[in-house]
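Numbering (my numbering), first residue to last: 35 to 301.
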Amino acid sequence: MDLDFSEDELQRYSRHILLGEVGAIGQARLRAARVLIIGAGGLGSPLLLYLAAAGVGRIGIVDDDRVELSNLQRQVAHTTARIGEAKTRSAAKAARALNPLVTIVEHATRLDADNALALISDYDIVCDGSDNFATRFLVADAAFLARRTLVSAAVLRFEGQLAVFRPDGPCYRCLYPEPPPPGEVPSCSEAGVLGAVTGVMGTLQATEVLKEITGIGESLAGRLLLWDALAARFRTIALRRDPDCALCGAHPTITAPRAAAESVCGG
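Right under this line is the structure:
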């Protein structure tokens with residue numbers, strides 16, 4: 035572990051280093067970490083900015099979309115001046131402006147069954163902030179097969195959910211064995227979302243990533259966090275491994291990443 039910090043790093047990360055639970059060792063772990071973010075939208079924006087601010091050494095962003103005016107109500111990594119620009123490029127500019135000491139890798143591509151495993155294998159932790167079930171199940175399958183921890187968040191209207199899936203614990207398919215029928219769950223473009231809800235959930239997602247990297251606190255692995263913004267109420271549900279799970283059960287049937295039917299909201 036490299037504990038040699040520059041004067042710039044010592045000043046920039048001083049509030050982390052002052053925390054006994056983090057300290058210099060924890061900050062060095064953040065600097066050495068590699069985190070992949072799927073989706074540079076409402077969840078990915080605050081997630082990216084807080085990981086960059088925290089000094090996570092290498093952050094990859096996967097998105098094939100471009101900034102639109104309708105994004106700016108919640109996707110705070112982007113600006114009006116960057117409408118029409120690739121979201122990966124726009125988000126990378128925001129992160130580099132915040133902290134030029136970190137490396138931002140732009141993957142301006144759509145995650146699919148051909149590239150998911152290779153992309154995810156290059157990182158230590160993968161964060162899902164995507165906006166459709168096809169990508170969510172693909173990310174979950176690839177993360178499990180690559181033996182990578184998955185930090186997954188989702189939002190819709192005034193509600194959010196968050197979970198951490200480690201390779202040795204309950205997986206995403208233990209919670210959601212199959213996607214819902216097409217059209218059963220509306221997208222954010224159909225049902226709407228309160229912009230600040232994506233900010234809260236993306237920030238909670240960043241917090242869990244930082245905890246996983248530094249090894250502090252109680253992991254959310256094995257639990258599902260649910261938030262109802264209108265009621266100002268959080269609740270947590272325990273998750274258990276499903277012995278019949280198609281991905282991690284006693285007799286798995288999924289041996290390669292695969293997609294599924296659409297739609298959920300990542301903002």
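C-beta: ideal position from N, C-alpha, C; glycine also. Computed from a prediction, not measured in an experiment: that's the story for all the values here.
Next on the checklist: Please report the straight-line C-alpha distance between SER186 and GLY60, rounded to a whole angstrom.
Outcome noted: Distance between the alpha carbons of SER186 and GLY60: 23 Å.
Next on the checklist: In whole angstroms, give me the CA-to-CA distance for LEU52 and ARG46.
Outcome noted: Spanning the two alpha carbons is a distance of roughly 12 Å.
Checklist entry - At what residue ranges does the region 84-126 contain a whole run of the alpha helix (DSSP H), taking only runs of 4 or more? => result Whole alpha helix (DSSP H) segments, 4+ residues: zero.
Checklist entry - Looking only at its own chain, which residues have a Cβ that is under 8 Å from the Cβ of ASP36, when we skip the five neighbours before and after it? => result Closer than 8 Å at the Cβ level, and outside the excluded window around ASP36, lie ALA62, ARG65, ALA66.
Item to check | Among PHE178, GLY163, VAL243, nearest to THR289 - alpha-carbon criterion | outcome: Of the listed residues, the one whose Cα sits closest to THR289 is PHE178.
Item to check | Classification of THR232 by the beta-carbon crowding that lies within 10 angstroms, buried from 16 upward | outcome: With 16 or more other Cβ atoms within 10 Å, it is buried.
Checklist entry - Is ALA86 near ILE93, with beta carbons less than 8 Å apart? => result In contact: ALA86 and ILE93 (Cβ atoms closer than 8 Å).
Next on the checklist: Run through the DSSP bridge pairs and tell me what SER186 is partnered with.
Outcome noted: Per DSSP, ASP162, ALA197.
Next on the checklist: Just verifying my parser: in three-state terms, what is the DSSP assignment at LEU209?
Outcome noted: LEU209 falls in the helix class under three-state DSSP.
Checklist entry - Among residues of its own chain, excluding the 5 on either side of VAL139, which ones have a beta-carbon nearer than 6 Å to its beta-carbon? => result Cβ neighbours of VAL139 beyond the five flanking positions: GLY94.
Item to check | Own chain residues within Cβ distance below 8 Å of ASP158, not counting five before or after | outcome: Cβ within range, chain order: ALA67, ARG68, VAL69, ARG182, THR183, ILE247.
Next on the checklist: For the region 212-232 against the region 185-204, do three or more pairs of beta-carbon atoms, one drawn from each stretch, fall closer than 8 Å, so that the two count as touching?
Outcome noted: The answer is yes - the region 185-204 touches the region 212-232, with three or more Cβ pairs under 8 Å.
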